[in-house]
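Asker: Each residue of the sequence shown is one higher than the one before, starting from 130 at the first, in this note's numbering.
For glycine and all other residues, C-beta sits at the position ideal for the given N, C-alpha and C.
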Amino acid sequence: MKTSDLIFDRSFVEGEWKAQGEAKFEIINPANGEIIKTVNDGGIAITDKAVDAAFLAFQSWKKTTAKYRAKILEKWHDLILDNKDALAEIMTLECGKPLKESKGEVSYGAAFVKWFAEEGKRTYGDIIPTHSEDRRLIVIKQAVGVVGAITPWNFPLAMITRKVAPALAAGCTVVIRPTEESPLTALAIAYLTKIAGFPPGVINVVIGKDAAGMGKFLCESEKVKKISFTGSTRVGQILMSQSSSTLKKLSLELGGNAPFIVFDDADIDKAIDGVIVSKFRNSGQTCVCANRILIHEKIYDQFSKKLVKVISKLKVGNGMDKDVNIGPMININAIKKIKGFLEDSISKGGKILIGGKIIGKYFFEPTVISNASLEMNFSKEEIFGPIVPLYKFSSDKQAVSMANDTNYGLASYFYSQNVSRCWRVAEELEYGMVGINEGLISTEVAPFGGIKFSGIGREGSKYGIEDYLDVKYMCFGNI
Ligand code: SIN
130 MKTSDLIFDR
140 SFVEGEWKAQ
150 GEAKFEIINP
160 ANGEIIKTVN
170 DGGIAITDKA
180 VDAAFLAFQS
190 WKKTTAKYRA
200 KILEKWHDLI
210 LDNKDALAEI
220 MTLECGKPLK
230 ESKGEVSYGA
240 AFVKWFAEEG
250 KRTYGDIIPT
260 HSEDRRLIVI
270 KQAVGVVGAI
280 TPWNFPLAMI
290 TRKVAPALAA
300 GCTVVIRPTE
310 ESPLTALAIA
320 YLTKIAGFPP
330 GVINVVIGKD
340 AAGMGKFLCE
350 SEKVKKISFT
360 GSTRVGQILM
370 SQSSSTLKKL
380 SLELGGNAPF
390 IVFDDADIDK
400 AIDGVIVSKF
410 RNSGQTCVCA
420 NRILIHEKIY
430 DQFSKKLVKV
440 ISKLKVGNGM
450 DKDVNIGPMI
460 NINAIKKIKG
470 FLEDSISKGG
480 KILIGGKIIG
490 KYFFEPTVIS
500 NASLEMNFSK
510 EEIFGPIVPL
520 YKFSSDKQAV
530 SMANDTNYGL
540 ASYFYSQNVS
550 RCWRVAEELE
560 YGMVGINEGL
570 ISTEVAPFGG
580 IKFSGIGREG
590 SKYGIEDYLD
600 VKYMCFGNI
């Protein structure tokens, strides 16, 4: 299909395009400020209709076999890949990421659909050796019910499939509320679910500007049994408290503050490649981006010089242009936040080795700050932009303690060629994920998620489907 054939302007509910009222809002291309599309603002009213549709559809979808569901999921997977170029273009238009990365995200996102189509067939229960001669004990797993999936702009496709594919494979139905910055990708893949043959109401996408109201509605609805959210820790906390009245199951994939440690025995060139891939993926706007680069004092100068040289070759520009490595930030607030981090660090002794400037309205140069210290705001907070702070350490103990000195616990990385150090440090890092001599660790086959303020639950892998299943124990007596 052509890109224009996959651009829609209203919510997708019960298998149909539905507008609610007259209110509209604009989807803006962050690379040039142009309006891509004006869409209907469905708000809470459309969310209510979608929840009803999903609740009704659940009554029959939950009874289908995993094999049947897998067939439809696989069709959806194929359709996503068949339309890779168009989907990637929509994604780059609405969130700015370089086209090459958008194509990568289409493959990454589709992989979750394929994985969970297969995994759905393996949600085995148990037969428990009995505690009594006349009883038999069985455990089965059943779909939790309607799932509210609240998804971000930085991965407009993959964060949907990572939640929705396991939900659908498990037998749940879904209401997706994509962020108002990037609903077009969500609507495009919703359209593909219709072609793939999902029954009406099994997948619904609601669009609207009222993020707080729509989120609260999903959290407080008794018909919704689970919320899966990717976004900031602050919003995750709000959703968690709003979900308490209905005691909902929650999966929260929240912020990070990833340390990236380079020990003095590291392969420096490989470590630099790792920093580049981790830090500049989606222009620094992922929750697993390296946030703090901790370098052993013996190699600090050598490492910094080489890193600056590599960074000086990165091209900033419109993600649609070939060869661009760094696209725009999502909006003006993002630019302001990054500028604030930079000014704060300079006022506390940080030195700019390269970059530091805003280009046009939405672009920020890749920037390296040396002499970073724990008092600087980016030591405690997620940067979400192309700033690379360099810290110095002198012992393993200090490196691990600096790395763990944060409320967050999502991804962490380190480079060393010493096997015992690798085991020791990997075990001591207080994070849900550790990259050892590797800067890009995301894949559908491994569990993605964090501890501490980085969230609850795991997505992807054999663990990712469990969050969408309830365990039921059945006791057969008087045998
Ligand atoms: C995210 O930034 O939320 C997800 C990143 C990933 O899946 O690698």
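#1: Taking 7 Å as the cut-off, is the C-beta of Ala287 nearer than that to any heavy atom in the ligand SIN?
#2: Where Glu382 and Trp146 are concerned, what is the direct C-alpha to C-alpha distance, given to the nearest angstrom?
#3: Please indicate yes or no: does the CB of Val417 lie closer than 7 Å to some heavy atom of the ligand SIN?
#4: Round the Cβ separation of Thr252 and Ala195 to the nearest angstrom and send it over; I've been treating them as touching at under 8 Å.
#5: According to DSSP, Ile279 sits in a beta bridge with which residue or residues?
#6: Given that a residue counts as buried once 16 or more other Cβ atoms are within 10 Å of its Cβ, and exposed if not, what is Cys418?
#7: Run the proximity test for Ser231: is its beta-carbon closer than 7 Å to any non-hydrogen atom belonging to the ligand SIN?
#8: Going by C-alpha to C-alpha distance, which of Ser350, Lys131, Lys232, Pro329 sits closest to Leu376?
#9: Using a Cβ-based criterion (distance less than 7 Å to any ligand heavy atom), does Glu510 qualify as near the ligand SIN?
#10: Roughly how many whole angstroms lie between the Cα atoms of Tyr542 and Val391?
#11: In three-state terms, what does DSSP make of Ser407?
#12: Give a single yes or no on whether Asn283 has its beta carbon closer than 7 Å to a heavy atom of the ligand SIN.
#13: Measuring only the C-alpha atoms, how far is Ser530 from Tyr491?
#14: How long is the line joining the alpha carbons of Asn462 and Ile257, rounded to whole angstroms?
#15: Would DSSP call His260 helix, strand or coil?
#16: Can you list the alpha helix (DSSP H) stretches of 4 or more residues lying completely in the region 324-368, in chain order?
#17: Following the continuous alpha helix (DSSP H) through Ile570, name the residue where it begins and the one where it ends.
#18: I'd like to know if Leu135 contacts chain B, where contact means its C-beta is closer than 8 Å to some C-beta of that chain.
#19: Taking the continuous alpha helix (DSSP H) assigned at Met531, which residues delimit it?
#20: Would Asn607 be called buried (16 or more neighbouring beta carbons within 10 Å of its own) or exposed?
#21: What are the start and end residues of the beta strand (DSSP E) that includes Asp599?
#22: Is Ser412 close to the ligand SIN? I mean its beta-carbon at under 7 Å from any heavy atom of the ligand.
#23: Give every residue of the same chain whose Cβ lies closer than 7 Å to the Cβ of Asn506, excluding the five residues on either side of it in the sequence, and list them in chain order.
#24: Note the first and the last residue of the continuous beta strand (DSSP E) segment covering Phe154.
#25: Hey, is Thr359 close to the ligand SIN, as in C-beta under 7 Å from one of its heavy atoms?
#26: How about Val331 and Trp244: are their beta carbons less than 8 Å apart?
#27: At a cut-off of 7 Å, is Ser571 close to the ligand SIN when judged by its beta-carbon and the heavy atoms of the ligand?
#28: Given a threshold of 16 other Cβ atoms within 10 Å of its Cβ, counted over all protein chains shown, does Cys301 qualify as buried or as exposed?
#29: Applying the 10 Å Cβ sphere with the 16-neighbour rule, what's the burial state of Thr167?
#30: When the distance is taken between beta carbons, is Ile397 closer than 8 Å to Ser372?
#31: Take the Cβ of Asp177 as the centre, count every other Cβ of all protein chains shown within 10 Å, and call the residue buried at 16 or more, exposed below.
#32: Which residue wins for smallest C-alpha separation from Pro329, given the options Leu539, Phe141, Thr572, Leu558?
#33: Excluding five sequence neighbours on each side, which residues of the same chain lie with their C-beta closer than 6 Å to the C-beta of Ile580?
Answerer: The short version:
#1: yes
#2: 29 Å
#3: yes
#4: 7 Å
#5: Arg306, Phe358
#6: buried
#7: no
#8: Ser350
#9: no
#10: 9 Å
#11: helix
#12: yes
#13: 36 Å
#14: 55 Å
#15: coil
#16: 340-349
#17: Ile570 -> no alpha helix (DSSP H), and no H or E assigned at all.
#18: The structure shown contains no chain B; it is built from a single protein chain.
#19: 525-533
#20: exposed
#21: 598-605
#22: no
#23: Phe470, Asp473
#24: 153-157
#25: yes
#26: no
#27: yes
#28: buried
#29: exposed
#30: no
#31: buried
#32: Phe141
#33: Gly538, Gly561
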